[in-house]
Every structure is written in structure tokens, then in C-alpha cells.
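Participant:
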């Protein structure tokens with residue numbers, strides 16, 4: 001369970017202050033997939049970075065399973081599995097070593113890491129690449145490694161920034177299957193995407209973000225009712241007020 | 249396992265996979281130092297023996313005016329040769345190290361019993377002329393004394409009357425201190441190896457990791473930023489110490505290979521002392537580079553600081569060249585000057601007191617701790633993880 005309340009974040013740049021996120025609030029429940037949908041530059045990544053304590057919000061709060069992320073960031077991070085926008089897989093280590101490194105940082109025993117790696121490798125269909133150095137991996141193989149690494153400690157909550165970005169059709173399907181599996185295991189899954197079809201195919205709840213604020217949120221049905229549009233795509237266009245970023 | 253050690257192990261494994269970089273950064277310095285010491289030792293020794301013992305050829309202007317002097321010089325292994333047309337130019341153009349010029353009035357003055365002028369032309373800023381000038385001067389002095397004594401005797405005066413004083417320099421330089429002087433560049437090498445031995449790794453694990461965008465997932469784990477940073481510093485220190493030990497081994501090997509006569513104290517005890525002197529330097533260099541790497545935007549920017557860092561350990565050496573000062577306790581509290589002094593003292597076979605050691609180590613550790621603290625603050629800055 002992840003709750004965001006009134007999150008705001010501004011960045012100072014050379015040309016002045018940019019309000020990246022203002023007053024973003026939503027809650028993502030266990031056993032559900034929550035999608036953060038919005039055009040490029042809407043503030044999705046910044047919102048996610050505040051959720052996993054990489055950035056501290058100027059205003060607002062984040063609670064992970066009831067833990068205040070500002071007060072106890074270490075405990076919050078322990079309950080999170082994070083796939084950032086930048087995958088950052090170590091290319092001189094094998095996929096297995098990449099996964100084990102993060103397992104150890106989470107304080108897992110070698111036996112637990114081995115068992116968990118086996119299970120994840122099976123779920124993500126990456127047995128054939130597990131013991132190869134990741135240098136030269138395809139985008140999909142890198143993403144699989146990064147996801148396995150992110151959830152090695154069996155977290156209750158999983159945050160993924162554009163998990164299907166740059167993946168081919170087959171890998172995207174596999175990835176969707178994996179996200180559904182995470183939901184069936186009762187986890188709270190949040191992912192961001194700028195692709196409407198992607199969010200429509202997976203999410204139980206959708207939070208639409210545009211220009212740093214939440215413009216609409218709810219189940220796909222609620223969004224359709226809210227906008228009076230039959231088609232989710234038209235609903236999306238209506239709430240963000242433009243067709244920008246709709247097609248990948 | 250403590251996250252700090254997890255990070256350290258990972259960084260060392262990661263580095264070890266990059267075999268070519270490891271080999272270059274570990275072996276280049278040692279190979280260079282062996283070559284330098286053996287090569288320079290051989291050249292130095294050859295120069296000393298040839299300049300001291302070989303027949304010295306000295307252009308002599310006006311040789312015909314002083315045949316006895318020429319004969320005396322020849323007896324002392326100094327051969328008078330044809331002078332160049334313009335003696336001053338010949339010295340300036342380095343055609344000759346030293347030229348003797350017998351004054352046109354030499355014969356008259358000699359006969360009149362007045363001091364006759366013999367000029368020794370040389371350029372004192374040229375190292376090569378030092379030994380020839382010393383040889384020529386001492387032979388001329390000998391000749392003057394001998395003739396003076398004879399003149400006094402012929403007048404019935406005890407020659408001792410004209411010599412109220414015999415200056416007798418007693419050189420207390422030990423063979424070790426003499427070589428130490430010739431090898432003033434060695435401390436610089438050792439300090440540099442300790443100071444920047446792990447530079448590649450430090451820049452790679454902070455600025456590089458950030459540039460490759462792998463820092464963000466790492467910082468999303470529960471491991472504290474301080475532990476992650478300390479693990480990286482520790483890994484660089486382990487690598488730095490490895491490179492230092494290899495350097496010292498090369499140092500020992502170099503002096504074992506070097507020609508006899510070029511000997512410094514390279515006993516195991518001296519090597520252990522050098523290692524102890526340089527350990528705080530490894531920590532200091534690693535922490536400083538971590539601060540730099542955490543504050544810059546890219547690896548390239550971090551590397552642009554390297555030329556400055558290469559210069560830093562040289563500054564005290566320059567200072568000492570211009571204004572040589574005697575060893576004092578306060579110097580052991582000045583970074584780089586202290587390493588320089590301590591290493592020279594060990595190589596010259598001098599004793600370091602307990603006070604020397606404690607002051608030196610305390611300052612080294614304190615400076616490193618301050619830098620570590622600054623680096624930790626840098627690691628807590630928000631935009632560290634976010635590149636671009």
C-alpha cells in the first residue's frame with residue numbers, strides 16, 4: 001500500500017524555477033496495479049522518485065505500508081522494489097551477480113538469494129542469460145535483469161518507471177504477464193507509462209498526470225463515466241486536454 | 249554482511265573484470281620506477297667515475313706563457329688543449345665545461361714575484377661543469393701553494409708562516425644521504441602512486457556510476473548513502489594499497505638491480521615504514537577524489553582535475569628547491585611536504601621519533617576524516633543520483 005498526499009516538487013534551473021509536480025495525491029492498494037499515465041515531461045518520474053525516497057518532496061508526504069517515508073526512509077525502501085527510469089545494470093557483472101548484489105544490500109542470505117533468483121529467472125524467462133555478463137544485452141534482457149534485481153527481496157510494493165519502454169512485442173507481453181503475477185501475489189504495483197493502451201491493458205486504477213498535477217483518477221470505467229466518452233483513448237484526450245504524448 | 253563490505257566487494261569484482269585497466273594502472277608505475285632508478289643510477293655512476301678519474305681536457309688560452317704550469321697540470325691528469333677563438337662564447341654554447349685563461353702579463357708578474365692571474369671560465373648553473381671546475385681549481389691551488397712555499401724557502405722564511413690556517417672540510421654525508429640527494433624525485437613517485445593510485449577506480453565508482461545511471465537503483469536500496477560511499481572509498485583504498493605495495497616491491501627490486509654505489513635503505517623495515525607513511529596518503533587521496541567525483545557532473549569533468557592533482561604533491565618539492573629549509577617538526581603537519589620529508593628521512597637512514605610519527609599520522613587521518621565527512625554530505629545531495 002502506497003499513499004501519496006499533496007506531493008509538490010520544484011527544481012531550480014538556470015532560467016528560473018520549474019514546478020515539476022504540484023499537489024499530487026493518490027493511493028495504490030495491495031493486489032492492484034496502479035498506472036501513472038501522462039505525456040512525456042508530465043512529472044511521472046519525479047513523482048515516482050519521491051515515492052521511493054530518492055527525492056524529498058517540498059510539500060506533502062509519502063506513506064509506504066503506513067511508514068512515513070520522510071521519517072524513516074530506510075524502512076520505506078526496505079518495503080519497496082524499484083525499477084527506475086535508468087536501469088543501470090552493471091555491464092561487467094553477470095545478470096546473476098547483478099541480482100545477488102542487490103539481494104545482499106537488502107541483507108538477504110546467499111541461500112535466499114539463490115532460491116529467489118531461480119524463481120525470478122523462471123518467471124521472467126531469463127534462464128539462458130542468467131550467467132552472462134550483461135555487456136551487450138538487448139534492451140529487453142537488460143530490463144529483465146533490472147526487474148529481477150529490483151524485486152529480489154520479495155517486496156510488498158513494486159514501483160516501475162516505464163517498464164515496457166523500448167521493448168519488443170514479445171518481451172512486452174512477458175512483462176505484462178509478470179506484472180499480473182505480481183498483482184496476483186497480492187502486491188501493490190505502481191507503474192508509469194505514456195502509452196494509453198499499455199495502461200488500459202493492465203491497470204486496475206489509473207492516475208492521469210498532466211503538467212505536474214493529477215487531472216483525473218479512478219478505474220477505467222470511472223474514467224469513462226467521468227468524461228462521458230465510450231472510448232478510454234478519447235477519455236484520456238479529454239482529461240489532459242491535448243493529444244500530446246498519446247501515441248508512442 | 250555489512251552493506252559497506254557488500255559494496256566494496258562488488259566494486260573490486262567489477263574492477264577486476266576490467267583486466268586491461270587493472271594491469272595498466274597497477275604495473276605502469278612499478279615498471280617505470282625500475283627503469284628510472286636502474287637507468288639513472290647507471291648514468292650517474294658512469295658520469296661520476298669518468299669525470300673524476302679520466303684525463304680532463306681543458307682548453308688553455310695562452311699556454312705558451314706558462315709552460316711549467318702546463319706541465320704541472322699534465323702531471324695531475326689535466327691536459328691543456330687548443331683554445332677556441334672566443335672563450336666566453338665557447339662556455340655559453342657549452343662547447344667546453346671549463347676554460348683556463350692565462351693573463352698576458354703572466355710572465356712579467358711571475359718574474360716580478362707578483363700574483364699572476366689565471367682565470368677559470370665556467371658557468372656555475374651548469375651541473376656538468378661542477379666536477380671539472382673543482383678538479384682544475386684544486387690543482388691550481390696546489391701549484392700556487394707549492395711555488396709559494398719554494399719562494400719563501402729561498403728567502404729563508406718558514407713556509408708555515410704564510411699559512412696561518414689549514415681549512416680541512418670533513419664531509420659527514422653518509423653514502424645513503426648522498427644518494428638520497430641525487431634521488432630527490434623518488435618521494436614524488438611514491439607519494440603520487442599512493443595519492444592517485446586508486447584514482448581511476450574512485451572516479452569510475454562515483455562519477456562513472458552516476459554517468460552510467462546505475463546510482464539511482466543503488467540508492468533506492470535500503471543501504472544508507474554513507475555506507476555505499478564508504479564501501480566505494482574502501483574498495484579504492486584496497487586497490488590503492490595494492491598498487492602501493494607493488495610500487496614498493498618495484499622500488500626494492502630497482503635498487504637491487506641498480507649498479508653498486510647507488511644504494512639506499514631498502515630493507516624490509518624501511519619498506520614497512522614507507523608503507524606506513526603512505527597509508528594515510530592513500531586514504532587522503534581517495535577521500536579527496538570522492539569529494540571531487542561526487543561534486544562534478546561527468547567523468548570527463550572529474551578527470552579534468554587530474555592535472556591539478558598531479559601537480560599538488562610537487563608543490564613542496566618546488567618550494568624546497570627554491571628555498572631549502574632545515575627539517576622542522578611543523579613540516580610534518582603540512583600535507584605532501586610531510587610525506588616528502590618522512591620518506592627522505594627513511595631513505596637517508598635517519599631515525600623518526602615517536603612524536604614525528606604521531607603528528608604525521610594524526611594530521612593525515614584528520615584531513616582524511618574531514619574529506620570523508622564532506623564526501624558524505626555530497627552523497628546526500630538530492631541531485632547526485634539524477635544525471636542529466
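Chains as they are written, first to last, in this note's numbering: chain A, 1 to 248; chain B, 249 to 636. Ideal Cβ positions, reconstructed from N, Cα and C, are used throughout, including at glycine.
Given a threshold of 16 other Cβ atoms within 10 Å of its Cβ, counted over all protein chains shown, does residue 102 of chain A qualify as buried or as exposed?
Facilitator: Translated into positions along the first chain, residue 102 of chain A becomes position 102. Answer is buried; the Cβ neighbour count reaches 16.
Participant: Taking residue 10 of chain A as the reference, which of A/221, A/20 and A/53 has the closest Cα?
Facilitator: On the first chain, residue 10 of chain A is found 10 positions in, with the first residue counted as 1. Of A/221, A/20 and A/53, the residue nearest in Cα terms is A/20.
Participant: Leaving out the 5 sequence neighbours to the left and right, which residues in its chain are closer than 6 Å to residue 265 of chain A when beta-carbon positions are compared?
Facilitator: Any property of residue 265 of chain A remains undetermined from this structure, which presents chain A solely from 1 to 248.
Participant: Per DSSP, what are the beta-bridge partners of residue 61 of chain A in this structure?
Facilitator: Reading the first chain from its first residue, position 61 is the one you call residue 61 of chain A. Answer is A/5.
Participant: Since residue 35 of chain A contacts residue 169 of chain A with CB under 8 Å, what's their CB separation in whole angstroms?
Facilitator: Taking the first chain and counting its residues from 1, the one referred to as residue 35 of chain A is at position 35. Taking the first chain and counting its residues from 1, the one referred to as residue 169 of chain A is at position 169. With 8 Å as the limit, residue 35 of chain A and residue 169 of chain A do not qualify as a contact, their Cβ atoms being about 19 Å apart.
Participant: Would you say the segment 148-168 of chain A touches the segment 83-102 of chain A, given that touching needs at least three Cβ pairs under 8 Å?
Facilitator: Touching, per the Cβ criterion.
Participant: On the CB-based measure, 16 or more other CB atoms within 10 Å of its CB, does residue 209 of chain A come out buried or exposed?
Facilitator: Locating residue 209 of chain A in the first chain gives position 209, counting from the first residue. Residue 209 of chain A should be labelled buried.
Participant: Any beta-carbon of chain B closer than 8 Å to the one on residue 77 of chain A?
Facilitator: Translated into positions along the first chain, residue 77 of chain A becomes position 77. Taking Cβ atoms only, chain B reaches closer than 8 Å to residue 77 of chain A, which makes this a yes.
Participant: Just the chain A side, please: which residues come within less than 7 Å of residue 258 of chain B by C-beta, in chain order?
Facilitator: In the second chain, counting from the first residue as 1, residue 258 of chain B sits at position 10. The answer, in chain order, is 101.
Participant: Whole alpha helix (DSSP H) runs in the segment 507-589 of chain B with 4 or more residues, listed along the chain?
Facilitator: Whole alpha helix (DSSP H) segments, 4+ residues: 516-543, 547-551, 554-559 and 563-570.
Participant: How would you list, in chain order, the residues of chain B whose beta-carbon sits under 7 Å from the beta-carbon of residue 82 of chain A?
Facilitator: Along the first chain, read from residue 1 onward, the residue named residue 82 of chain A stands at position 82. Near residue 82 of chain A (Cβ distances below 7 Å), the residues of chain B are 465 and 468.
Participant: Should residue 627 of chain B be counted as a contact of the ligand GDP given a C-beta to heavy atom distance under 7 Å?
Facilitator: With respect to small molecules bound, the structure shown includes none, and the ligand GDP cannot be examined in it.
Participant: Measure the alpha-carbon distance for residue 439 of chain B versus residue 503 of chain B and round it to whole angstroms.
Facilitator: In the second chain, the residue the question calls residue 439 of chain B occupies position 191. In the second chain, the residue the question calls residue 503 of chain B occupies position 255. Distance between the alpha carbons of residue 439 of chain B and residue 503 of chain B: 18 Å.
Participant: Tell me which residues share the same chain as residue 532 of chain B and place their Cβ nearer than 8 Å to its Cβ, disregarding the 5 neighbours each side in the sequence.
Facilitator: Start at 1 with the first residue of the second chain, and residue 532 of chain B comes out as number 284. So the qualifying residues of the chain are 443, 583, 612, 615, 616 and 619.
Participant: Please state whether DSSP places residue 121 of chain A in a helix, a strand or coil.
Facilitator: Start at 1 with the first residue of the first chain, and residue 121 of chain A comes out as number 121. If DSSP states are grouped into helix, strand and coil, residue 121 of chain A belongs with the helices.
Participant: If you count every other CB in all the chains shown that lies within 10 Å of the CB of residue 628 of chain B, and 16 or more means buried, which is it?
Facilitator: Residue 628 of chain B sits at position 380 when you count from the first residue of the second chain. The residue is exposed, with fewer than 16 neighbouring Cβ atoms inside 10 Å.
Participant: Give me the Cβ distance between residue 450 of chain B and residue 541 of chain B, rounded to the nearest whole Å; I'm assuming they're in contact under 8 Å.
Facilitator: Reading the second chain from its first residue, position 202 is the one you call residue 450 of chain B. Reading the second chain from its first residue, position 293 is the one you call residue 541 of chain B. Right, the Cβ-Cβ distance comes to about 6 Å (below 8 Å), so this counts as a contact.
Participant: Do the segment 334-343 of chain B and the segment 359-379 of chain B touch if we need at least three Cβ pairs shorter than 8 Å?
Facilitator: In short, these stretches touch, since the Cβ pair count reaches three.
Participant: Listed from N- to C-terminal order along the chain, which residues in the segment 32-64 of chain A have their beta-carbon within a distance smaller than 8 Å of any beta-carbon of chain B?
Facilitator: From the segment 32-64 of chain A, only 49, 52, 53, 54, 55 and 56 have a Cβ closer than 8 Å to chain B.
Participant: Could you tell me the boundaries of the beta strand (DSSP E) in which residue 485 of chain B lies?
Facilitator: Counted from its first residue, the second chain places residue 485 of chain B at position 237. Here residue 485 of chain B belongs to no beta strand (DSSP E); instead the alpha helix (DSSP H) covers 473-505.
Participant: Do residue 633 of chain B and residue 77 of chain A have their CB atoms nearer than 8 Å?
Facilitator: Counting from one through the second chain, the residue named residue 633 of chain B turns up at place 385. Counting from one through the first chain, the residue named residue 77 of chain A turns up at place 77. Taking 8 Å as the Cβ cut-off, residue 633 of chain B and residue 77 of chain A do not qualify as a contacting pair.
Participant: Assuming the contact rule is C-beta atoms closer than 8 Å, residue 39 of chain A and residue 7 of chain A should be a hit. Round their C-beta distance to whole Å, please.
Facilitator: Counting from one through the first chain, the residue named residue 39 of chain A turns up at place 39. Counting from one through the first chain, the residue named residue 7 of chain A turns up at place 7. Not really, about 19 Å apart at Cβ, beyond 8 Å.
Participant: If you measure from the beta carbon of residue 146 of chain A to each beta carbon in chain E, is any gap under 8 Å?
Facilitator: Protein chains in the displayed structure are A and B, and chain E is not among them.
Participant: Drop a sphere of 10 angstroms on the beta-carbon of residue 116 of chain A, count the other beta-carbons inside from all chains shown, and report buried for 16 or more, exposed for fewer.
Facilitator: Mapped onto the first chain, residue 116 of chain A falls at position 116. So residue 116 of chain A counts as buried.
Participant: Could you tell me the distance, in whole angstroms, from the CA atom of residue 167 of chain A to the CA atom of residue 524 of chain B?
Facilitator: As a position in the first chain, residue 167 of chain A is number 167, starting the count at 1. As a position in the second chain, residue 524 of chain B is number 276, starting the count at 1. Roughly 54 Å between the two C-alpha positions.
Participant: Which residue wins for smallest C-alpha separation from residue 585 of chain B, given the options B/575, B/564, B/591 and B/578?
Facilitator: Here the question's residue 585 of chain B lines up with position 337 in the second chain. Comparing Cα positions, the closest option is B/564.
Participant: Got a sec, what are the start and stop residues for the beta strand (DSSP E) residue 368 of chain B sits in?
Facilitator: Walking along the second chain from the start, residue 368 of chain B turns up at place 120. Where residue 368 of chain B is concerned, the enclosing beta strand (DSSP E) stretches over 366-370.
Participant: Give every residue of the same chain whose Cβ lies closer than 7 Å to the Cβ of residue 248 of chain A, excluding the five residues on either side of it in the sequence, and list them in chain order.
Facilitator: Walking along the first chain from the start, residue 248 of chain A turns up at place 248. Confidence in residue 248 of chain A is poor, its pLDDT being 40 and thus under 50, which makes the residue's placement unreliable; the coordinate value appears in the next sentence. The residues are 194 and 195.
Participant: Indicate whether at least one CB of chain A lies closer than 8 Å to the CB of residue 290 of chain B.
Facilitator: By 1-based counting over the second chain, the position of residue 290 of chain B is 42. No, residue 290 of chain B does not count as interfacial toward chain A.
Participant: Output the residue ranges of the alpha helix (DSSP H) runs that lie fully inside the segment 86-141 of chain A and measure 4 residues or longer, sorted by chain position.
Facilitator: Taking only runs of at least 4 residues, the alpha helix (DSSP H) segments lying wholly in the segment 86-141 of chain A are 95-105 and 110-123.
Participant: So which residues of chain A does residue 541 of chain B contact, with C-beta pairs closer than 8 Å?
Facilitator: By 1-based counting over the second chain, the position of residue 541 of chain B is 293. Within chain A, no residue comes near residue 541 of chain B; the closest Cβ sits about 17 Å away, beyond 8 Å.
Participant: Looking at the unbroken beta strand (DSSP E) that takes in residue 24 of chain A, where does it start and where does it end?
Facilitator: By one-based count along the first chain, residue 24 of chain A stands at place 24. Here the beta strand (DSSP E) through residue 24 of chain A covers 16-28.
Participant: For a cutoff of 8 Å on Cβ pairs, would you count residue 182 of chain A as touching chain B?
Facilitator: In the first chain, residue 182 of chain A corresponds to position 182, counting from 1. False, the Cβ-Cβ gap to chain B never drops below 8 Å.
Participant: What first and last residue would you give for the beta strand (DSSP E) that runs through residue 157 of chain A?
Facilitator: Taking the first chain and counting its residues from 1, one reaches residue 157 of chain A at position 157. Segment 157-161, the beta strand (DSSP E) holding residue 157 of chain A.
Participant: On the DSSP bridge list, what partners appear for residue 386 of chain B?
Facilitator: Numbered from 1 along the second chain, position 138 holds the residue referred to as residue 386 of chain B. In the DSSP output, where bridge partners are listed per residue, residue 386 of chain B has none listed.
Participant: If I follow the unbroken alpha helix (DSSP H) through residue 184 of chain A, where does it start and stop?
Facilitator: Taking the first residue of the first chain as 1, we reach residue 184 of chain A at position 184. From DSSP, the alpha helix (DSSP H) with residue 184 of chain A extends over 169-184.
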